[in-house]
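Numbering (full-length UniProt numbering), first residue to last: 1 to 269. We put the CB at the ideal spot given by N, CA and C, even for glycine.
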Amino acid sequence: MADDRQTEIRGAFDAAAADFTALRRHLWEPIAAAALAVADPRPGERVLDACCGTGASAIPSARLVGADGQVDAVDVSGPMVDELRRLSADLPQLRAHQADVTTWPDEGYDLVQSALGIFFFPDMTAGTDHLISRARPGGRVVFTIWRGESMAAAGRHLGLAIAEVTNTPVPAPRPPHLIDRVNQADPYAVWLTERGLADVEVTVHERALTMTPEVAWLVIVGSGFRGALAKVPAELVDTVRETYLASLRDGGVTELDATTLIGAGRRLT
Ligand SMILES: C[S@@+](CC[C@H](N)C(=O)[O-])C[C@H]1O[C@@H](n2cnc3c(N)ncnc32)[C@H](O)[C@@H]1O
1 MADDRQTEIR
11 GAFDAAAADF
21 TALRRHLWEP
31 IAAAALAVAD
41 PRPGERVLDA
51 CCGTGASAIP
61 SARLVGADGQ
71 VDAVDVSGPM
81 VDELRRLSAD
91 LPQLRAHQAD
101 VTTWPDEGYD
111 LVQSALGIFF
121 FPDMTAGTDH
131 LISRARPGGR
141 VVFTIWRGES
151 MAAAGRHLGL
161 AIAEVTNTPV
171 PAPRPPHLID
181 RVNQADPYAV
191 WLTERGLADV
201 EVTVHERALT
211 MTPEVAWLVI
221 VGSGFRGALA
231 KVPAELVDTV
241 RETYLASLRD
251 GGVTELDATT
261 LIGAGRRLT
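If you want it as structure tokens, here you go:
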């Protein structure tokens with residue numbers, strides 16, 4: 001079951017890679033910039049960027065660590081990694097790897113970071129513990145997650161549109177997940193502290209995305225929501241798009257909450 005879910009997630013991001021880059025300046029880059037303001041990669045440091053996508057945080061990190069530093073950017077999706085390699089050709093200190101980061105073997109990093117990735121792990125706690133173990137003792141660890149219902153409205157309206165167009169039932173809510181319990185600042189800080197981190201702080205990065213039709217559709221095709229389109233026959237995708245945009249309009253959705261929680265701490269030993 002966990003393997004099926006992993007395959008589904010990878011498939012969604014494989015398909016989304018090019019549109020993911022298009023959504024970058026609207027969403028991934030500002031979110032990564034806020035995380036980097038906390039993570040503070042410094043010249044000469046070794047950084048592990050887990051679930052790197054097309055490099056919204058890995059690329060600026062590589063610039064900040066400079067030629068004497070190193071960024072290992074790891075993503076399970078081959079097309080994401082290919083896109084990152086294309087975008088970072090001028091940064092030899094950035095090494096892009098296609099791998100499941102929950103079994104990444106290298107360790108001793110000054111900084112381990114992951115923007116919007118840890119909740120995709122089949123076992124979020126075990127995967128996060130593994131990432132923490134990749135930092136050197138005293139090293140910094142910074143994980144960004146969505147706060148509360150961030151992004152959820154887009155998924156809801158997409159689900160309604162797909163059901164209407166394909167004449168299928170509205171999808172059931174997904175089963176409860178750990179992320180539902182830790183997606184507010186206080187429980188997130190407690191959970192990170194339970195992971196053995198010291199000096200845990202959670203920063204709230206308030207953000208709202210203006211849902212022009214172009215951006216509203218990019219939110220679907222350039223993110224994990226893309227997976228929901230996989231089962232829609234190709235000839236119906238344009239109708240799903242129009243129905244989804246109409247559903248947002250009818251629901252008065254002009255902005256999408258895209259607030260993130262940036263959890264930071266230090267590995268003790
Ligand atoms: C929402 S994207 C975030 C990408 C990037 N950090 C950013 O902020 O733009 C999540 C990424 O996590 C990757 N991912 C999910 N599970 C993974 C795993 N076990 N190992 C490596 N990457 C994974 C996906 O392929 C996807 O590219």
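Problem - Neighbour-count burial assignment, V47, 16 or more Cβ in a 10 Å radius - result: buried
Exercise for the section: Can you have a look at H177 and say buried or exposed, based on whether 16 or more other CB atoms are within 10 angstroms of its CB? Expected result: exposed
Practice task
Counting only the same chain and skipping the five closest in sequence on each side, list residues whose C-beta sits under 8 Å from that of P169.
Solution key: A163
Problem - C-beta contact flag for S223 and L23 at 8 Å - result: yes
Handout entry: Backbone secondary structure at V65 - three-state DSSP
Key = helix
Exercise for the section: Name the residue from S114, D90, A152, P41 whose alpha carbon lies nearest to the alpha carbon of G127. Expected result: S114
Practice task
Could you please give me the residues that DSSP links to V142 through a beta bridge?
Solution key: Q113, A264
Exercise for the section: Assess, as a yes-or-no matter, whether the region 185-203 is touched by the region 252-269 under the definition of 3 or more beta carbon pairs within less than 8 Å. Expected result: yes
Exercise for the section: Could you please give the first and the last residue of the uninterrupted alpha helix (DSSP H) stretch that includes L248? Expected result: 237-250
Handout entry: According to DSSP, residues forming a beta bridge with Q98
Key = D75
Exercise for the section: Give every residue of the same chain whose Cβ lies closer than 6 Å to the Cβ of R85, excluding the five residues on either side of it in the sequence, and list them in chain order. Expected result: A96
Handout entry: Start-to-end residues for the alpha helix (DSSP H) that takes in A234
Key = No alpha helix (DSSP H) holds A234; DSSP gives it neither H nor E.
Problem - Beta-carbon contacts of T203 that lie in its chain and below 6 Å, excluding the five residues immediately before and after - result: V38, I262
Exercise for the section: Kindly examine ligand 1 and report whether one of its heavy atoms sits closer than 7 Å to the Cβ of F121. Expected result: yes
Practice task
With hydrogens ignored, establish whether the beta-carbon of residue 285 is closer than 7 Å to any heavy atom of ligand 1.
Solution key: Only positions 1 to 269 of the chain appear in this structure, which leaves residue 285 out of reach.
Exercise for the section: Give the straight-line distance between the Cα atoms of E149 and G69, rounded to the nearest whole angstrom. Expected result: 37 Å
Exercise for the section: Reducing DSSP to helix, strand and coil, say where L197 ends up. Expected result: strand
Handout entry: Neighbour-count burial assignment, E255, 16 or more Cβ in a 10 Å radius
Key = exposed
Practice task
Could you spell out the range, first to last residue, of the alpha helix (DSSP H) harbouring E164?
Solution key: 152-166
Handout entry: Reference A89, options D75, F120, T54, closest by Cα
Key = T54
Handout entry: Check: S223 C-beta below 7 Å from any heavy atom of ligand 1
Key = yes
Practice task
To the nearest angstrom, report how far apart D72 and A246 are at their CA atoms.
Solution key: 42 Å
Exercise for the section: Use the C-beta contact count for P41: other C-beta atoms within 10 angstroms, 16 or more gives buried, fewer gives exposed. Expected result: buried
Exercise for the section: Measure from the alpha carbon of D238 to the alpha carbon of each residue in H205, F225, W217, W28, then state which is nearest. Expected result: W217
Practice task
Kindly indicate the opening and closing residues of the alpha helix (DSSP H) around A50.
Solution key: Element bounds for A50: not the alpha helix (DSSP H) but the beta strand (DSSP E), 46-50.
Practice task
Would you mind stating whether D19 and C51 have Cβ atoms separated by less than 8 Å?
Solution key: no
Practice task
Please classify G44: is it buried, with 16 or more other beta-carbons within 10 angstroms of its beta-carbon, or exposed?
Solution key: exposed
Practice task
Look up A17 in the DSSP assignment and say whether it is helix, strand or coil.
Solution key: helix
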